C-alpha cells in the first residue's frame, strides 16, 4: 500500500472534484485527509490517498483532468507520518492591515524563532485589506507575553494589527 | 433612567449620514477616548451614528471610529432581527464597558468597515454593560442576550480599537461575504 499526495490547481469550473475523485475511486484508492478550496478564482486541491497503486497509475488516471491545460495535476509518493500528539498549547494569531510585502514572513518568523508550529494558516486579500489567521502550537515553555510583545512590535513596524490569543477549545 | 425611556428624539438634533470608513484605516485600530455625553459634538455624533445606521442595509450597530472619530460612542438597533431575543430598540451608549459576560457561543459576524469578509466569533450570549446616555449623561446598566449582546460586544470592541477580525475562531473561520445582507 502506498500513500500518495495529489495536488490539482488551476482554473475553477464545476466538476473538478467529481472527476478527480471518480478517477481515484476507479483505481481503488482511498481518500484520506484533503483540503479543497478556491484561491482568487483558482481551484486548489491537496489530498493524501492510499491504495495498492503506483504514482504513474495515479497520474494516468488523472490525465484527462489536465488534458485541456487549464489544470495542473501532480502526484507523488510520501512517507506515512503518524499524526503526532502535539504537546504544545494552541493559539490563534490574527493579523490585518494594509497590504504590503513581507507580512506573513515577518510574523511567522517570530513564531518560528519561539518554536511555534503553525498547523493551519489562511490569508485573504480584499481591496487594500490583508488578513492572516494562523493556528499555532506554542511550546509549553514559550513565554506568551514576550512573544505577544514581539509580535506587537513587528506589527507596529509594518503598520498592521497583530494579535495572539489562546485558542478556545470546545470539548463536548 | 432606563434604556426603555430613552429615544433618539432625546438627542434633539437631526442626524447627518456620514461616510463609513473601511479597514485598514488606522482610526479603526485606535482605542477611543472617553467622552462627555452632554457635549454638543458628542450629541451630534450620536444622532449621526443613528442616521448612518438607519440608511445602511443590514446594519445593526455603528461605532464612532467607523465614521472617523476615536470617541467612545456607539449605537445599536437589532429590532426585528431574527436572531434577537431581548431588544432595546435604537440606543446610543457613551463610555460603555462590559460588567458581566457569560455563555459564549460562536456566531457569524460582518461589519460595514470590513465589507468583503465575515467571520465566526465567540461572544457571550448573556451580557451586562454599563454606559452613559447622551445627552443626559445618565449612567445606566443594560442587561441583554443573544444577538443584541453580540452586537453590543462588537461595538464595544470597535471603541477599544478591535475588529471582529481580531477575534475570529481559527484559520477556517473567515469567509468571503457573498451578499451584503
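Residue numbers (my numbering), protein chains in the order written: chain A, 324 to 495; chain B, 271 to 451. Every residue, glycine too, gets a C-beta built ideally from N, C-alpha and C. Since we're looking at a predicted model, the values are computed, not measured.
- Counting only the Cα atoms, residue 399/B lies some 7 Å from residue 366/B.
- Non-local beta-carbon contacts of residue 470/A in its own chain, meaning distances under 6 Å to residues more than five positions away in sequence, involve 437 in chain order.
- A contact between stretches requires three or more CB pairs, one per stretch, nearer than 8 Å, and the region 363-373 of chain A fails this requirement with the region 437-447 of chain A.
- Here the alpha carbons of residue 382/A and residue 395/A stand approximately 11 Å from one another.
- The Cβ-Cβ distance between residue 347/B and residue 360/B falls below 8 Å.
- Here DSSP, grouped into helix, strand and coil, assigns residue 352/A to coil.
- The Cβ atoms of residue 371/B and residue 416/B lie no closer than 8 Å to each other.
- Closer than 8 Å to the CB of residue 309/B there is not a single CB belonging to chain A.
- The criterion of a C-beta distance shorter than 8 Å is not satisfied by residue 301/B and residue 364/B.
- Here residue 481/A has 420, 423, 425, 426 and 429 as same chain residues with Cβ atoms under 8 Å from its own Cβ, once five neighbours each way along the sequence are excluded.
- Below the 8 Å Cβ cutoff, chain B contributes 374, 392 and 439 as neighbours of residue 491/A, in chain order.
- For residue 443/A, the nearest CB of chain B lies under 8 Å from its own CB, placing it at the interface with that chain.
- Per DSSP, reduced to three states, the secondary structure at residue 365/B is strand.
- For residue 342/B, there is no enclosing alpha helix (DSSP H), since its DSSP letter is neither H nor E.
- Within its own chain, the residues whose Cβ lies closer than 8 Å to the Cβ of residue 349/A, once the five positions on either side in sequence are excluded, are 384, listed in chain order.
- Residue environment for residue 330/A: exposed (fewer than 16 other C-beta atoms within 10 angstroms of its C-beta).
- Burial is judged here by how many other beta carbons sit within 10 angstroms of a residue's own beta carbon; residue 463/A has fewer than 16 and is exposed.
- Interface flag for residue 484/A against chain B is set, since a Cβ pair is found closer than 8 Å.
- Considering only 437/B, 306/B, 304/B and 319/B, the residue with the shortest C-alpha distance to residue 379/B is 437/B.
- Chain B has no Cβ within less than 8 Å of the Cβ of residue 460/A.
- Within the same chain, and ignoring the five residues on either side of residue 305/B in sequence, the residues whose Cβ sits closer than 7 Å to its Cβ are 312, 341, 342, 343, 364 and 365.
- In this structure, DSSP gives residue 402/B an extended state, which the three-state scheme calls strand.
- Pairing residue 276/B with residue 320/B, the inter-Cα distance amounts to about 14 Å.
- At a cut-off of 8 Å between beta carbons, residue 302/B makes no contact with chain A.
- Considering only 467/A, 418/A and 370/A, the residue with the shortest C-alpha distance to residue 411/A is 467/A.
- Annotated as distal: residue 415/A and residue 355/A, with beta-carbon spacing of 8 Å or more.
- At a cut-off of 8 Å between beta-carbon atoms, residue 321/B makes no contact with chain A.
- With a threshold of 16 other beta carbon atoms within 10 Å, residue 432/A falls short and is exposed.
- Neighbours of residue 294/B in chain A, taken as residues at a C-beta separation under 9 Å, are given in chain order as 419, 420, 421, 422, 451, 452, 453, 482, 483 and 484.
- Residue 395/A carries a strand assignment under DSSP once its states are collapsed to helix, strand and coil.
- The Cβ-Cβ distance between residue 345/B and residue 362/B falls below 8 Å.
- Each of 293/B, 395/B and 338/B was checked against the Cα of residue 287/B, and the nearest Cα belongs to 338/B.
- Between residue 486/A and residue 417/A a beta carbon distance of about 5 Å is seen, short of the 8 Å cut, so the two are scored as contacting.
- If you ignore the 5 residues before and after residue 315/B, its C-beta comes within less than 7 Å of the C-beta of 334, 339, 341 and 343, all in its own chain and listed in chain order.
- With a 10 Å radius around the Cβ and a threshold of 16 neighbouring Cβ atoms, residue 299/B comes out buried.
- Within the model, the alpha-carbon separation for residue 334/A versus residue 388/A is close to 11 Å.
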